[in-house]
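Visitor: So that you can map any letter, position 203 of the sequence shown is 451 in the working numbering, and since no number is skipped, the others follow by simple counting.
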Amino acid sequence: MAKLSEPFRLKGLELKNRIVMAPMCQYSVEEQDGTPNDWHFVHYVSRAVGGTGLIIMEMTNVEPDGRITSRCLGLWDDAQIPAYARIVRECQRYGARVGVQIAHAGRKATDAEQPVSSSPIPVEPTGWKTPRELTTAEVRGQVGLFREAARRAVEAGFDTIELHGAHGYLIHQFHSPSLNRRTDEYGQDKLRFGCEVIAAVREVMPADMPLILRFSATEYIEGGYELDYGLEIARRYKEAGADILHVSSGGEAPPNGKRQPGNYPGYQVPMARAVREAAGIPVIAVGMLDEPELAQSVVQSGDADLAGIGRALLRNPYWAVDALLKTEGLRTEQPAYKRGYPLK
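1) Using 8 Å for Cβ pairs, my map puts S365 next to E381. What's the rounded Cβ distance?
2) Just how far apart, CA to CA, sit I460 and S549?
3) Can you name, in chain order, every residue of its own chain whose Cβ lies under 8 Å from the Cβ of S496, other than the five neighbours on each side?
4) At 3 residues or longer, what runs of the beta strand (DSSP E) sit wholly inside the region 338 to 365?
5) Less than 8 Å between the CB atoms is what I'm expecting for V336 and G282, so what's the real figure, rounded?
6) Pick helix, strand or coil for E311, following the three-state DSSP scheme.
7) Apply the 10 Å Cβ neighbour rule to W324 and answer buried if 16 or more other Cβ atoms are within range, or exposed otherwise.
8) Nearest CA to the CA of D456: which residue from H420, A490, P271?
9) Within 10 angstroms of its Cβ, does V546 collect 16 or more other Cβ (buried), or is it exposed?
10) I need the straight-line Cα distance from R524 to Y332, nearest angstrom please.
11) For M519, report the span of its alpha helix (DSSP H) as first-last.
12) What does the alpha-carbon distance come out to for the pair R319 and I350?
13) Pull up the distance between the alpha-carbon of S426 and that of R388, whole angstroms please.
14) Suppose you measure from the CA of G556 to the CA of Q544; what does that come to, to the nearest Å?
15) Is the Cβ-Cβ distance between A344 and T300 less than 8 Å?
16) Look at the alpha carbon of R484 and the alpha carbon of G514, and state the distance between them as a whole number of angstroms.
17) May I have the straight-line CA-CA distance separating A571 from E338, to the nearest angstrom?
18) When you compare the region 436 to 447 with the region 494 to 513, are there three or more beta-carbon pairs, one atom per stretch, that lie closer than 8 Å?
Laid out in structure tokens, this is it:
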């Protein structure tokens with residue numbers, strides 16, 4: 249089985265190792281225009297210098313009111329493209345490949361005057377705005393917004409695109425039986441919206457660029473779906489055109505107390521393996537894989553093809569080189585830093 253250090257290839261995407269920086273919001277946009285700034289440049293490029301194979305930029309939204317907060321990134325205007333291109337080029341210079349997570353927060357858009365969703369259900373009865381249910385025509389319009397954001401991502405030079413269908417954001421709000429109570433075609437087939445977004449995004453992506461889809465394999469709210477439905481989601485989205493599945497869980501709303509997410513290293517790995525076996529395509533496992541030996545074992549055992557690292561990469565931009573040194577005795581590729589690492 250593969251080691252963390254081994255390359256990964258799918259279509260035209262070639263990664264130097266199996267380490268993925270999972271997307272994590274920075275809430276650092278200064279002008280509220282959704283455009284990345286020097287914070288984002290330093291943040292992502294330092295992880296490229298630090299040896300990460302694939303960097304997936306944080307949740308980047310298809311319209312201003314689709315953001316979690318007004319300090320989140322967006323890709324709704326061609327004028328935003330150059331700032332992303334600058335980051336991508338510099339990360340690639342150090343051997344990393346770069347993706348972007350395209351999304352819409354839906355009912356979780358906290359700064360939107362009127363959030364929108366599949367159905368008018370707030371995240372919680374108090375403290376959250378009640379979203380307006382999108383009309384059927386507006387749902388189709390949202391598909392177009394995802395398509396245009398993907399077109400801009402391609403123009404910016406990203407190596408891959410990830411669609412955010414997890415953690416209770418808009419795609420999740422449609423495919424969740426608990427959150428989608430519509431009676432139109434997007435309620436009769438709750439996976440239709442996600443499938444249409446995938447198809448629309450594929451239209452503007454190069455044929456050899458793989459598409460990643462992140463989704464929650466199970467929910468934790470009362471009446472939330474279980475893994476069997478999560479596997480159906482995986483199969484449908486693969487058929488629609490997803491090439492890699494990024495397997496997470498929950499996030500749709502606060503847990504109900506009876507069903508709680510795990511709080512231990514690797515708690516989502518069994519879900520990743522189940523999805524990999526059911527869908528038959530590569531998967532990214534994620535969730536407290538901070539210890540290098542654990543990340544290595546996830547890949548070597550065949551539980552997943554890639555190891556997604558989140559908070560550990562916030563703490564340490566050089567997690568990847570430290571992990572490869574610890575597990576395989578490999579030194580950094582960067583000449584300026586080699587003397588900081590022991591010889592083999």
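All C-beta atoms in this analysis are idealised placements derived from N, C-alpha and C, irrespective of residue type, glycine included.
Guide: According to the structure data:
1) 7 Å
2) 22 Å
3) A414, H415, R462, F463, S464, A465, Q516, V534, G535
4) 345 to 351
5) The pair is not a contact, with the Cβ atoms about 17 Å apart (cut-off 8 Å).
6) coil
7) buried
8) If we check each option's Cα against that of D456, A490 comes out closest.
9) buried
10) Going from the Cα of R524 to the Cα of Y332 covers about 31 Å.
11) In the DSSP assignment, M519 falls within the alpha helix (DSSP H) that extends over 517 to 527.
12) 16 Å
13) 21 Å
14) 11 Å
15) A contact, by the Cβ cut-off of 8 Å.
16) 26 Å
17) 23 Å
18) no
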